[in-house]
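Enquirer:
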Amino acid sequence: MEEKTLTRREFDLLRKYVYEHAGISLSDQKMSLVQGRLSKRLRQLGLTSYKQYYDHLLEDDGGDELVFMIDAISTNVTSFFRERSQWEYLHRELAPLVASRPHKAFRIWSAGCSSGEEPYSIAMFLHEKLPSHDIANCKILATDISQDILRRAMKGYYSSRNVEGLPRKYITKYFNKERTGGKGDDVQYRIQPWLRQMILFRMFNLVYGNFSVFQNPMDIIFCRNVMIYFDMETRDALIARFAELLYPGAHLFIGHSESLTRNSKLFRMVQPSIYQRI
Ligand SMILES: C[S@@+](CC[C@H](N)C(=O)[O-])C[C@H]1O[C@@H](n2cnc3c(N)ncnc32)[C@H](O)[C@@H]1O
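End of the sequence shown = 278 in the UniProt record's numbering, gap-free, step of one.
1. So I70 and I135 are supposed to be a Cβ contact under 8 Å. How far apart are they, rounded?
2. If we count Cβ pairs, one from each stretch, closer than 8 Å, do we get three or more for the segment 198 to 215 versus the segment 223 to 240?
3. Ignore the nearest five residues each way along the sequence and tell me which others in R24's own chain have a CB closer than 6 Å to its CB.
4. Cα separation between P131 and S110?
5. Over the uninterrupted beta strand (DSSP E) stretch that includes E178, give me the two end residues.
6. For the segment 253 to 263 against the segment 228 to 244, are there 3 or more C-beta pairs whose distance is under 8 Å?
7. Counting only the same chain and skipping the five closest in sequence on each side, list residues whose C-beta sits under 7 Å from that of C113.
8. Taking a contact to mean a Cβ-Cβ separation below 7 Å, would you say N176 touches R161 in this structure?
9. State yes or no: is the C-beta of L198 within less than 7 Å of the C-beta of I108?
10. Would you give the residue range spanned by the beta strand (DSSP E) that P248 belongs to?
11. Assuming K51 and E2 make a contact with CB atoms under 8 Å, what is their CB distance in whole Å?
12. At a cut-off of 6 Å, would you count G116 as near ligand 1, judging by its Cβ distance to the nearest heavy atom?
13. Between which two residues does the beta strand (DSSP E) harbouring K139 extend?
14. Could you compute how far the alpha carbon of L33 sits from the alpha carbon of T5?
15. Could you have a look at A111 and say whether DSSP puts it in helix, strand or coil?
16. So the candidates are L26, L45 and L47; which of them puts its Cα closest to the Cα of S74?
17. Using CA coordinates, which residue listed in D12, S49 and P167 is at the minimum distance from M31?
18. Roughly how many whole angstroms lie between the Cα atoms of E128 and K169?
19. Does the distance from the C-beta atom of M269 to that of L245 stay below 7 Å?
20. Kindly give me the distance between the Cβ atoms of F80 and L166, rounded to whole angstroms, as I take these residues to be in contact under 8 Å.
21. Does M124 pass the burial test, meaning 16 or more other C-beta atoms within 10 Å, or should it be called exposed?
22. Counting along the chain, where does the alpha helix (DSSP H) carrying V18 start and finish?
23. Exposed or buried, what is E117 when buried is set at 16 or more other beta-carbons lying within 10 Å of its beta-carbon?
24. Could you tell me which residues DSSP pairs with Y158 in its beta bridges?
25. If contacts are defined as beta-carbon pairs under 8 Å, then residue 285 and R277 qualify, I think. What distance do you get, rounded to the angstrom?
26. Are the CB atoms of Y54 and L90 nearer to each other than 7 Å?
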């Protein structure tokens, strides 16, 4: 079926809306991507133009359509134990950090957790590296703007391809292998219930969410490959929020292609993509 053409005016309306509601800035180069990804949605809704789709967004008080659109235009690409050097750092530092904390709970936040590979990597890592009395005091919060992706994360199903980079012993220890009965890739790997239960999944918009819901300071925030969608101003505001939530000496992990710019006085760079609250 032929794809509807997105006009410049329609693109400007949609990108203003996405910026104002999710902090995501879409460059001119994203115009054909937006058209490609939203055209199917127009057909599903029986709409004949992107202006009609924009009106539909404005009428949707619950915000479900916004989330749908963000799912369509952003990438949820993620993987287990992404950004290897950060795990190597944690391999050296995590146990002493947890053991020397002056407070009881050790709180870790996966902000922009996508389909769950990041928070489940954290949970597996804690199990590999910490004594059981310390694991019991670790709390993992995982949030994302997308309800849909959170549902997937909570279910914890992964394909053979998703788990292929993991050590075999992790697969037997942390996953159940399930037959799906279908053709092709008929095996799925599901995170074991006890590991799923270590994580609290919640929907949270990092740009417009109410940060006062976080009552306790954090020890580590992972916010990796999320700020790439935000402009400088939005990024700086978010980093300042993170700084308020972190204990002095607590860590912020970001993606390798990201950096802390104007807020660098709030953090000390330990190594690229790893920062410590001053
Ligand atoms: C590329 S994934 C990164 C996943 C994981 N952190 C990693 O590095 O592998 C980016 C995630 O950020 C989420 N996201 C985008 N804008 C957001 C916002 N304003 N608030 C919360 N999450 C957002 C997307 O839904 C997506 O799941």
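Virtual Cβ for every residue (Gly too), placed ideally from N, Cα, C.
Expert: Considering the structure as presented:
1. Not confirmed; about 34 Å, so no contact.
2. yes
3. It is worth fixing the name first, because residue 24 is Ile in this sequence and not Arg. Counting only Cβ-Cβ distances below 6 Å, and skipping sequence neighbours, we find V18 and Y229.
4. 22 Å
5. F175 to R179
6. yes
7. P119, A142, T143, D144 and A153
8. no
9. According to the sequence shown, residue 198 is Met rather than Leu. Result no, Cβ atoms of M198 and I108 do not sit closer than 7 Å.
10. L246 to I254
11. Actually they are not in contact, since the Cβ atoms of K51 and E2 sit about 18 Å apart, beyond 8 Å.
12. no
13. C138 to D144
14. 12 Å
15. strand
16. L26
17. D12
18. 11 Å
19. no
20. 6 Å
21. buried
22. R8 to A22
23. buried
24. Y189
25. In this structure the chain extends from 1 to 278, so residue 285 is not present and cannot be described.
26. no
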